[in-house]
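J.: Residue 86 is where the first sequence starts when you use the working numbering, and the numbers rise one by one after that. Take a look at the following structure, please.
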Amino acid sequence: MLAARNRLRTGADFSAVTRARGGARAGSRLLVVHANQTDSRAVRPPRVGFVVSKAVGGAVIRNRVKRRLRALMATRLPLVPAGVDLVVRAQPAAADLDSSALGTELDRLLGQALARVVPAQPFGVGE
RNA sequence: UGAGUCGGCCAGACGGUCGCGUCAGGACCUCGGUCCUGCCGAGGAAAGUCCGGGCUCCUCAGGGCACGGUGGUGGCUAACAGCCACCCGGAGCGAUCCGCGGGACAGUGCCACAGAGAGUAGACAGCCUCCGAGCCUCGGCUCGGCGGUGAUGGUGAAAGGGUGGUGUAAGAGACCACCAGCAGCCCUGGUGACAGGGCUGGCUCGGUAAACCCCACUGGGAGCAAGCCCGAGCAGCGUGUGUCUGACGGCGGCCCGCCGGAGCACGCGGGUAGGGCGCUGGAGGUGGCCAGCAAUGGUCACCCGAGAUGGAUGACCGUCCACGACAGAACCCGGCUUACCGGCCGACUCAUCCG
RNA sequence: UGGGGUAUGGUGUAAUUGGCAACACAAGUGAUUCUGGUUCACUCGUUCUAGGUUCGAGUCCUGGUACCCCAG
């Protein structure tokens, strides 16, 4: 579980990230990462939300996928610039992966999405 | 030793680092929150939502009808379609298991096809007496007719007791014996379902009620996103005050002064956004004793073991083993059903061997 | 989370009170045609699944599975 200030809390927040005009998206067969700079003055900490639909599996599998993504995201949170909201969506194939495979996939997609939404500050995980 | 039946229990363990949620204590605080410490933190099915109950709101004088639910008996329970014990029927050598297990003499409906006849039975073939005609090897045979018959054949899921005899033209519960079954009465045992036995009777009226129905018992509706409380803003109502005799607001706090200026203040009820409560101490667990065959109940002691709201149990490691199945609380509880890698314990049955 | 509904050839639908699972389109095979189309004939079913009631179940009863809809 992330701290409350780092979570998206309402359905309006989620649709603001996933359907916003200025938002960026990077996806694969495993995950889809949405990003959007909702606060241009960048005073708010970054916020993250997760979407795991019933197509992924039962409640146990969905919770496991969500917890793994949450734990992976918690370590990467300091690298996300302030004022940016993220939504990480899991595809059905993500249920079969372990944490390390999910981590590399998340790094790749996160870099793509953040580079599109904040080109001035490139995401530097690979360096 | 092998095969099997039933019941109960467990649901990876230990350790390290980093994190999460409720609660309690403390610190900081811009009263939004942040940080530190500590306790606790998913299941036997949390699942399916198939029954039952608590709780909440709505409806409701009382009674009846309609529409459902249940269905051997006795008990347990808050209640149940559940559980326990027993009865009956069936399966098994047995331990044991399975059964929507009331009523077809209250009434109605249906029983396709086949078959003569399918429900107050029925004559297609056949069998038998008698009458008539024909043939004739004079034993009889064939055809037609008035009747008798329910034994035989064939049909069907099912054909109106079974076996043996008496009887007859041929036959038939027409009559007799035994058996099966039904009804009535009585005796014994049992709270009861029922069981055992005796006497009498008519020979003996299919199946289907998970068809309508009858009988007995029983059921109001919706559901915690139920519902209750607080409540911005906008609008409404009331009272007071004010419109050049200037309310109120602005100019850094106050006074004066200057500027803008028609509303302003208080109260009221309903209630949107939003927030809080409901929300977990309960038909609660663990252990002992007592009553009971048991389900269960009583009593004593100890314990507090989730309560979130985008929704908490995770991540990375180490060691061990049988290498980890099915699966995640969202108001709570009692059941049922379904899913499931395996493991442990107890009781019992059968077969074989040994003593 | 709570409430409600549906399931029949590949697809869309039928089937009186329980008595032979029917129709259209599609697909395949064959015939007709020089070839294709049209036309004709034929083929194609665990009635979602497992039990039960019944002589007999798509239909009646019970459990399960999948999908869809509604409230928020």
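All C-beta atoms in this analysis are idealised placements derived from N, C-alpha and C, irrespective of residue type, glycine included.
Distance check for PRO163 and VAL173, CA to CA, integer angstroms please.
T.: Near 17 Å, if we compare the C-alpha coordinates of PRO163 and VAL173.
J.: Closest by CA to THR56, which one among ASP192, ALA111, HIS119 and GLN197?
T.: The first residue shown for the chain is 86 and the last is 212, placing residue 56 beyond what the model contains.
J.: Within the same chain, show all residues whose beta-carbon is closer than 6 Å to that of ALA109, passing over the 5 residues directly before and after it, in chain order.
T.: Correct list, in chain order: ALA120, ALA198, ARG201 and VAL202.
J.: Hey, how far is the Cα of THR103 from the Cα of ARG153?
T.: Each residue's Cα considered, the two are about 21 Å apart.
J.: Under the three-state reduction of DSSP, which class applies to ASP170: helix, strand or coil?
T.: ASP170 falls in the strand class under three-state DSSP.
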